[in-house]
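The structure under discussion appears below in the form of C-alpha cells.
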Amino acid sequence: MGQLIRILILLAALWLVLHFVRRALRRHQRPDGDTSSPAPAHMVACALCGTHVPESEAVRVGNRTYCCEAHRRSGESG
Ligand SMILES: [Zn+2]
Numbered sequence: 065m066g067q068l069i070r071i072l073i074l075l076a077a078l079w080l081v082l083h084f085v086r087r088a089l090r091r092h093q094r095p096d097g098d099t100s101s102p103a104p105a106h107m108v109a110c111a112l113c114g115t116h117v118p119e120s121e122a123v124r125v126g127n128r129t130y131c132c133e134a135h136r137r138s139g140e141s142g
C-alpha cells in the first residue's frame, strides 16, 4: 500500500528534476546569430545640426528633435 505512494512521490520528484534541468539547459542554449546587438535603437536627426542620436537620448519638442539641450535652446530661440 505504502509502496505505491512512494513510487508516485519518486516519479513526481523525477519529473520535477527533469523539468528544472530542461529549463536550466534552455537558458544556456541561445539561438546563434546576433548576440552582440541588442534591440536596434531608433535614430532621429537633430533639427539644428543634423546629428543622428538614439530616440531615447534625443530632446523632443513638438515634432522636432534635438541632439542635446543646448541645441534645443538654440533651435527654439533662433
Ligand atoms: Zn544638434
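The opening position of the sequence shown corresponds to residue 65 in this note's numbering, with each subsequent residue numbered one higher. Using N, Cα and C, we set each Cβ at its ideal position, and we do this for glycine too.
Would you give the residue range spanned by the beta strand (DSSP E) that residue i belongs to?
{"i": "Ala109", "result": "Met107 to Ala109"}
{"i": "Val118", "result": "The residue asked about is misnamed: residue 118 is Pro in this sequence, not Val. Per DSSP, Pro118 belongs to the beta strand (DSSP E) from His116 to Pro118."}
Going by DSSP, what residue range makes up the alpha helix (DSSP H) through residue i?
{"i": "Ser138", "result": "Glu133 to Ser141"}
Considering only residues of the same chain and omitting the five flanking positions on each side of residue i, which have a CB-CB separation below 8 Å?
{"i": "Ser120", "result": "Ala105"}
{"i": "Leu68", "result": "none"}
For residue i, collect the residues of the same chain with a Cβ closer than 6 Å to its Cβ; drop the 5 residues on either side in sequence, then sort them by chain order.
{"i": "Val108", "result": "Glu119, Ala122 and Thr129"}
Tell me, please, which residues DSSP counts as bridged to residue i.
{"i": "Arg128", "result": "Val125"}
Look at residue i and residue j and say whether their C-beta atoms are less than 7 Å apart.
{"i": "Ser141", "j": "Leu112", "result": "no"}
{"i": "Cys110", "j": "His135", "result": "yes"}
With a threshold of 7 Å on Cβ separation, who are the neighbours of residue i within its own chain once the five nearest residues in sequence on each side are excluded?
{"i": "Gly126", "result": "none"}
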